[in-house]
Amino acid sequence: MSFTLHGLGVSGGIAIGHAHLVTSASLEVDHYQIPEEFVAREVKRFDKAVKNVRTELDALEKEIKATQRGDASADMAAFLTVHRMILEDPSFTETPREVIARESCNAEWALKLQLDDLLAQFADVQDEYLRERKTDVRQVAERIVAALAGQGGVVPEKLRERAEDTILVAHDLSPADVILFKDHKVAAFVTDVGGSTSHTAILARSLAIPAIVALHTARELVREDEVIIVDGTQGVVIIDPDETVLAEYRLKQNQWKLERQKLSRIKTALAETLDGTLIELHANIELPGDLAAVKQSGATGIGLFRTEFLFMNRKDTPDEEEQFAAYKTVAEGMRGQPVVIRTLDIGADKTLDGTDLGTAHSALGLRAIRYCLSEPQLFNTQLRAILRASRFGNVKILIPMLVSVTELRQTITALDIAKAQLKAEGKKFNDEIQVGGMIEIPAAAIALPMFLKTLDFLSIGTNDLIQYTLAIDRADDTVAHLYDPLHPAVLMLISNVIQQANAANIPVAVCGEMAGDVELTRLLLGFGLRHFSMHPANLLPVKQRVLMSNLPDVEPVAAKILKSGDPEKIRSLLDKLNA
Ligand code: PEP
Ligand code: MG
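Just so we're on the same page, our numbering is the position in the sequence shown counted from 1, plus 1.
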């Protein structure tokens, strides 16, 4: 039976393909029979996975002891103790072994059966504390399943062999999950939760595949292998469409592709407005592998390299040599064009292995530069790697989530230490490397002059600036309708930062999602912005808009929008601006 679901389209385009159901919880496990003679081996595989999880928990415990972060570390230690107790309970170590033997089934399936049993028992528990332990039980089971797979994340072996028309249907996907799709092509993905500027959505745009979030019930209603249509522009999913609908969407899909192809004609054109003002259009990347897309887009530089993606989906952190190689590849690949490398912005929805690290990593917690300053060794390694790569191109450093001058000073000191070390070791780097700051916290935007004195350039992170100004969690679909780039407070902050930076002759860019939204290109031009950084996939449509814009026409309307406090008026003025 055909039916339609509506969600939040976060990456445009149309995909038609077969559904593949996944969850990041990785408890969607396969079920298969194990031949009699291999049952003992399967039990051993299970024992090994339990042993690996034990080692993992030991390592985590050591790390917590070593870092000693007061209450947070006490909480974490308590949480680990609970996990260890659960892991050592016979219901986890023994029962699944018995199930494997009894049912001749794979270890994952045996664990799932046992987990279902345990979770059912929790349903009758009255005590709230005990009921909450349900999550812990589930998390321990997830760890074992991950250990069985020999890796974290949601890309199962099966996916590697799947056809390119695979459409992933998930309850939720972490950014760490989505980054894996770069290596394993999928046609689209849809999730039940998520906001339009969550990093999961941002990655979908950078992959240039259609994506829809906040569908609420897709994971429940869609069946494995069912034919589905994903219209990422309209935010619509059509399940089991009939032939007429399929034909209609195939036509739309072709039109979309044709329009994209047409745009490639302006790839080498200068991004110049009708009145002759030159605009810089740079690209945002996550991994060195994105360079090909950057080249195709005609970007004249990289305005944001989100380095945290080098740290995801792995148990260790990349060492100096590995980071140096990655930064050098990008610096050399851009042949003298600017490459802005942002220091590690981990925290909030971007956790290292896709797992939730708790309150310490909330959007208001130990994120980005705060995290780096609390991990001097990790930060030093990254700074040394960036510095060493700086002599292979036009590399600049960007500091995320700046809020105080003290943090900025501490960062400069950390950079000076890294420079002194390299000098003492006789290693070459660009001593004059420019240091910029992300303006993405309202406090930084309001008290901008304190940063203007020290920073060489600014980059406005509108995704976080909106999140923090409006107090809207960008990854939470229940408040997604309130996430509004056109809120007068947001517009005032952006316009003020641009004006003050221009007046002080400090280059300023916007590198949040607003920079890649063609509907906002003229508004930002009207505010005085001359430098945009966005996903390669958005660059040509934005360039086309730049080519068709005349600043003397655009500026007065942008000024009116800024003055108007009325959302409806802002909308109608914006329509006028884009007409
Ligand atoms: C932003 O906040 O706008 C930004 C570009 O950084 P990120 O999306 O990685 O937080
Ligand atoms: Mg940000």
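Ideal Cβ positions, reconstructed from N, Cα and C, are used throughout, including at glycine.
1) If you compare alpha carbons, which of 387, 500, 450 is closest to residue 323?
2) Using the rule of at least 16 other Cβ atoms within 10 Å of the residue's Cβ for burial, across every protein chain shown, is residue 258 buried or exposed?
3) May I ask whether a heavy atom of ligand 2 can be found less than 8 angstroms away from the beta carbon of residue 462?
4) Can the beta-carbon of residue 11 be found closer than 9 angstroms to that of residue 206?
5) Can you give the Cα-Cα distance for residue 237 and residue 245, rounded to whole angstroms?
6) Alpha carbon to alpha carbon, how far is residue 574 from residue 561? Give it in angstroms, no decimals.
7) Can you say whether residue 465 is buried or exposed, counting buried as having 16 or more other CB atoms within 10 angstroms of its CB?
8) According to DSSP, is residue 438 part of a helix, a strand, or is it coil?
9) Where does residue 448 fall in DSSP's three states?
10) By the three-class DSSP mapping on this structure, what secondary structure does residue 512 have?
11) Starting from residue 534, follow the alpha helix (DSSP H) in both directions and report where the run begins and ends.
12) From residue 493 to residue 563, what distance separates their C-alpha atoms?
13) Among 62, 310, 39, 106, which one has its Cα closest to the Cα of residue 30?
14) I'd like to confirm the pairing. Which residues does DSSP put opposite residue 20 in its beta bridges?
15) With residue 212 as the anchor, note down where its beta strand (DSSP E) starts and where it stops.
16) Would you call the segment 482 to 498 and the segment 427 to 437 touching, i.e. three or more CB-CB distances under 8 angstroms?
17) Thinking C-alpha only, which one of 143, 461, 200, 453 is nearest residue 531?
18) Considering only heavy atoms of ligand 1, does any lie closer than 8 angstroms to the CB of residue 371?
19) Let me know the secondary structure DSSP gives residue 529 once reduced to three states.
20) What whole-angstrom Cβ distance do residue 191 and residue 216 have, given they're in contact under 8 angstroms?
21) Runs of 3 residues minimum, wholly inside the segment 311 to 361: which ones carry the beta strand (DSSP E) assignment?
22) Give the straight-line distance between the Cα atoms of residue 339 and residue 508, rounded to the nearest whole angstrom.
23) May I ask whether a heavy atom of ligand 2 can be found less than 8 angstroms away from the beta carbon of residue 91?
24) Less than 9 angstroms separating the beta-carbons of residue 299 and residue 552?
25) What does the alpha-carbon distance come out to for the pair residue 576 and residue 523?
26) Of the choices 443, 520, 36, 202, whose alpha-carbon is the least far from that of residue 578?
27) According to the neighbour-count rule (16 or more other Cβ atoms, all chains shown, within 10 Å of its Cβ), is residue 337 buried or exposed?
28) Are the CB atoms of residue 513 and residue 536 within a distance shorter than 9 angstroms?
29) For ligand 1, is there any heavy atom lying closer than 8 angstroms to the beta carbon of residue 346?
30) Cα-Cα, which of 389, 446, 201 is closest to residue 421?
Reading off the structure:
1) Cα-wise, what sits closest to residue 323 is 387.
2) So residue 258 counts as exposed.
3) Checking every heavy atom of ligand 2 against the Cβ of residue 462, one is found closer than 8 angstroms.
4) In terms of Cβ geometry, residue 11 and residue 206 form a close pair [threshold 9 angstroms].
5) In this model, residue 237 and residue 245 are separated by some 17 angstroms (Cα to Cα).
6) Each residue's Cα considered, the two are about 8 angstroms apart.
7) Buried, since its Cβ has 16 or more Cβ neighbours within 10 Å.
8) Shown here, residue 438 sits in a strand according to DSSP, grouped into three states.
9) Here residue 448 sits in coil by DSSP.
10) It is coil, neither helix nor strand.
11) Not the alpha helix (DSSP H): residue 534 falls in the beta strand (DSSP E), residues 532 to 535.
12) Using only the alpha carbons, I get a separation of about 7 angstroms.
13) Considering only alpha carbons, the answer is 106.
14) DSSP lists 168 as partners of residue 20.
15) 212 to 214 is the extent of the beta strand (DSSP E) around residue 212.
16) Because the criterion of three Cβ pairs below 8 angstroms is not met, the segment 482 to 498 and the segment 427 to 437 do not touch.
17) Of the candidates 143, 461, 200, 453, 461 places its Cα closest to the Cα of residue 531.
18) Residue 371 has its Cβ no nearer than 8 angstroms to any heavy atom of ligand 1.
19) In this structure, residue 529 counts as coil in the three-state DSSP scheme.
20) Residue 191 to residue 216, Cβ: 6 angstroms. Contact.
21) As far as the segment 311 to 361 is concerned, its whole beta strand (DSSP E) runs of at least 3 residues are 339 to 343.
22) Distance between the alpha carbons of residue 339 and residue 508: 13 angstroms.
23) No; taking the cut-off as 8 angstroms, the Cβ of residue 91 has no heavy atom of ligand 2 nearer than that.
24) For residue 299 and residue 552, no; Cβs fall outside 9 angstroms.
25) Approximately 11 angstroms between the Cα atoms of the pair.
26) That would be 520, whose Cα lies nearest to the Cα of residue 578.
27) Classification of residue 337: exposed, given that the 10 Å Cβ count is below 16.
28) Taking the C-beta atoms as reference points, residue 513 is found no nearer than 9 angstroms to residue 536.
29) The answer is yes for residue 346.
30) The shortest Cα separation from residue 421 among 389, 446, 201 belongs to 389.
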